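Counted from 1, the sequence shown has number 203 at position 137 by the working numbering; the numbering is strictly sequential.
Virtual Cβ for every residue (Gly too), placed ideally from N, Cα, C.
All of these numbers come straight from a predicted model, not from anything done at the bench.
Data first, discussion second: the structure below is written as structure tokens.
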Amino acid sequence: MIVPDSITPMIGWRAWSRVSKDLLLQPLAMGQSDSWPHREPATARCHQCGSHQVPAMNNPYGLYAFKSAYLLSKEVHWNDALVFGQVWLWGAVLICGEERYCPLAREQINPKEDEADEDSVKGYRAEFAYPKALICSDEGLVPKLAAAYGVECIKGSFQYMIQKLVNKRLKTLKEVNPQHG
Ligand SMILES: [Zn+2]
Numbered sequence: 067m068i069v070p071d072s073i074t075p076m077i078g079w080r081a082w083s084r085v086s087k088d089l090l091l092q093p094l095a096m097g098q099s100d101s102w103p104h105r106e107p108a109t110a111r112c113h114q115c116g117s118h119q120v121p122a123m124n125n126p127y128g129l130y131a132f133k134s135a136y137l138l139s140k141e142v143h144w145n146d147a148l149v150f151g152q153v154w155l156w157g158a159v160l161i162c163g164e165e166r167y168c169p170l171a172r173e174q175i176n177p178k179e180d181e182a183d184e185d186s187v188k189g190y191r192a193e194f195a196y197p198k199a200l201i202c203s204d205e206g207l208v209p210k211l212a213a214a215y216g217v218e219c220i221k222g223s224f225q226y227m228i229q230k231l232v233n234k235r236l237k238t239l240k241e242v243n244p245q246h247g
């Protein structure tokens, strides 16, 4: 499903592997090699021809984000992520579940395991995006990123934050279904 022109920005979770010397966030994945600019939206483009709107169903490009931090944690190697956080997504937005060319669609989500994903949406591929809030494991970069992007940035490691989220989720499930404990 494509939301042709999402007026209300959607919110997703994603990670970046590096920060350039001029403090630009650098994506993890291939096909997303453009760095994210300050004070203006990251804009999707086709890395093969650059001459049509992205996202498109028949090619893999666009600005990816997962629906939740938990889903992000299942796809991203913890050690690869220097910065992660929430992003705003708007413009044309491809809702990623089972669609072709969507790396978010590799695994089915069991609705009983994750209430937030009972509609099997795993994430989004958008035309425009901007960081909403950032979490960075490098303390020295935290205030610099906050100033450069003009958004909240806190210190935290990806591994620690995700474990907290996963532990919280598992604890909640145990409370609901004691036989799982
Ligand atoms: Zn193209």
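Here the distance from the Cβ of glutamine 114 to the nearest heavy atom of ligand 1 is below 6 Å. Looking at the DSSP output, cysteine 162 shares a beta bridge with Gly189.
Counting the other CB atoms within 10 Å of its CB gives lysine 133 a total of 16 or more, which places it among the buried residues. DSSP places lysine 221 within a strand segment (E or B) once states are collapsed to three. Residue range 91-93 is occupied by the beta strand (DSSP E) that includes proline 93.
When the beta-carbon positions are compared, valine 159 and tyrosine 190 come within less than 7 Å of each other. Lysine 198 sits in a strand when the DSSP states are folded into three classes. Here glycine 216 has His104 and Arg105 as same chain residues with Cβ atoms under 8 Å from its own Cβ, once five neighbours each way along the sequence are excluded. For proline 75, the secondary structure class from DSSP, reduced to helix, strand or coil, is strand.
Within the same chain, Cβ atoms closer than 6 Å to the Cβ of serine 223 are found at Ser203, the five residues on either side in sequence being excluded. Here isoleucine 220 has Ile201 as same chain residues with Cβ atoms under 6 Å from its own Cβ, once five neighbours each way along the sequence are excluded.
In the three-state reduction of the DSSP assignment, alanine 147 falls in the coil class, being assigned neither a helical nor a strand state.
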